[in-house]
Amino acid sequence: DAKTTQPNSMESNEEEPVHLPCNHSTISGTDYIHWYRQLPSQGPEYVIHGLTSNVNNRMASLAIAEDRKSSTLILHRATLRDAAVYYCILHLWGTYKYIFGTGTRLKVLA
Amino acid sequence: KAGVTQTPRYLIKTRGQQVTLSCSPISGHRSVSWYQQTPGQGLQFLFEYFSETQRNKGNFPGRFSGRQFSNSRSEMNVSTLELGDSALYLCASSSTGYTEAFFGQGTRLTVV
Chain A
908 DAKTTQPNSM ESNEEEPVHL PCNHSTISGT DYIHWYRQLP SQGPEYVIHG
958 LTSNVNNRMA SLAIAEDRKS STLILHRATL RDAAVYYCIL HLWGTYKYIF
1008 GTGTRLKVLA
Chain B
994 KAGVTQTPRY LIKTRGQQVT LSCSPISGHR SVSWYQQTPG QGLQFLFEYF
1044 SETQRNKGNF PGRFSGRQFS NSRSEMNVST LELGDSALYL CASSSTGYTE
1094 AFFGQGTRLT VV
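Residue numbers (my numbering), protein chains in the order written: chain A, 908 to 1017; chain B, 994 to 1105.
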């Protein structure tokens, strides 16, 4: 089954950029890469998604490797409110389901 | 507009009992999916419904079932509860099942 691999935890200083890596070597050509984050006692919150090209939105940027076997979520200026568990997810086309990884717990230091 | 609403937020049940959880999706969304979150297994897909039809099901025993109504509201049912069913159950809605999904806050089920 498709899966993603992420570091268990990362730390960042406030107002500095954060690069969260994800490996998904078993990805298929039609699988989308999604990123969600989960704050304590909350459901996951959508961050960004992409297929092949790099993507930007108001929350973050997503850089996808040319072979699509890895991707990086970029938070341009981390704030204390960005402290959460970040999940790199494969959305398998035609299956209507997300395959969640174990997530990276991001700690932001003031 | 209102987000995804899950009820109840907390439940305590006894082994062997059954439980029904409810999810009201965002207005206009026709796809509803369910996930189980536990410390050991993380987030695992249970099933997805679109226009009252189940389109996919995860690897869970038949004790886990769900349904969707014509107004897109969904319920999931767990029969013959086991201690291992204690988890946070999350519902997510999207317009088609391919677009961005919005998650509810979940129902925390504790089986004693």
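Beta carbons: idealized from backbone N, C-alpha and C, even for Gly.
Considering only their Cβ atoms, is the gap separating residue j from residue i smaller than 8 angstroms?
| i | j | result |
| --- | --- | --- |
| A/I981 | A/P928 | no |
| B/F1057 | B/M1069 | yes |
| B/Q1098 | B/R1008 | no |
| A/T937 | A/G1008 | no |
| A/Y943 | A/E952 | yes |
| B/S1065 | B/R1023 | yes |
| A/L852 | A/I934 | This structure leaves residue 852 of chain A out entirely; chain A is present only between 908 and 1017. |
| A/K976 | A/N930 | yes |
For residue i and chain B, any beta-carbon pair shorter than 8 angstroms?
| i | result |
| --- | --- |
| A/G950 | yes |
| A/Y1003 | yes |
| A/T1011 | no |
| A/Y993 | no |
Does any residue of chain A bring its CB to less than 8 angstroms from the CB of residue i?
| i | result |
| --- | --- |
| B/F1038 | yes |
| B/E1045 | no |
| B/Q1098 | yes |
| B/L1014 | no |
| B/R1023 | no |
| B/N1064 | no |
| B/N1070 | no |
| B/L1107 | No answer is possible for residue 1107 of chain B: the residues shown for chain B start at 994 and end at 1105. |
| B/E1041 | yes |
| B/G1035 | yes |
Might you give, ordered along the chain, the residues of its own chain that have their beta carbon closer than 8 angstroms to the beta carbon of residue i, omitting 5 neighbours on each side?
| i | result |
| --- | --- |
| A/A985 | S919, N920, E921, E922, E923, P924, V925, L1013 and V1015 |
| B/S1079 | T1031, L1102, T1103 and V1104 |
| B/V1012 | L1004, K1006, N1070, V1071, L1074 and L1102 |
Could you give the C-beta distance for residue i and residue j, rounded to a whole number, given that I count them as a contact under 8 angstroms?
| i | j | result |
| --- | --- | --- |
| B/F1062 | B/L1083 | Going by Cβ atoms, the distance from B/F1062 to B/L1083 rounds to 19 angstroms, so no, they are not a contact pair. |
| B/T1089 | B/L1004 | The pair is not a contact, with the Cβ atoms about 30 angstroms apart (cut-off 8 angstroms). |
| B/F1043 | B/W1027 | 13 angstroms between Cβ atoms; not a contact. |
| A/A970 | A/N961 | 5 angstroms |
| B/Q1037 | B/Q1029 | 5 angstroms |
| B/C1016 | B/Q1034 | So it is not a contact: roughly 21 angstroms between Cβ atoms. |
With which residues is residue i paired in a DSSP beta bridge?
| i | result |
| --- | --- |
| B/V1104 | B/K1006 |
| A/P928 | A/T979 |
Between residue i and the rest of its own chain, which residues show a CB-CB distance below 6 angstroms, the 5 nearest in sequence each way excluded?
| i | result |
| --- | --- |
| A/L946 | A991 |
Any heavy atom of the ligand GTP within a distance shorter than 7 angstroms of the CB on residue i?
| i | result |
| --- | --- |
| A/M966 | This structure simply doesn't include the ligand GTP, nor any ligand for that matter. |
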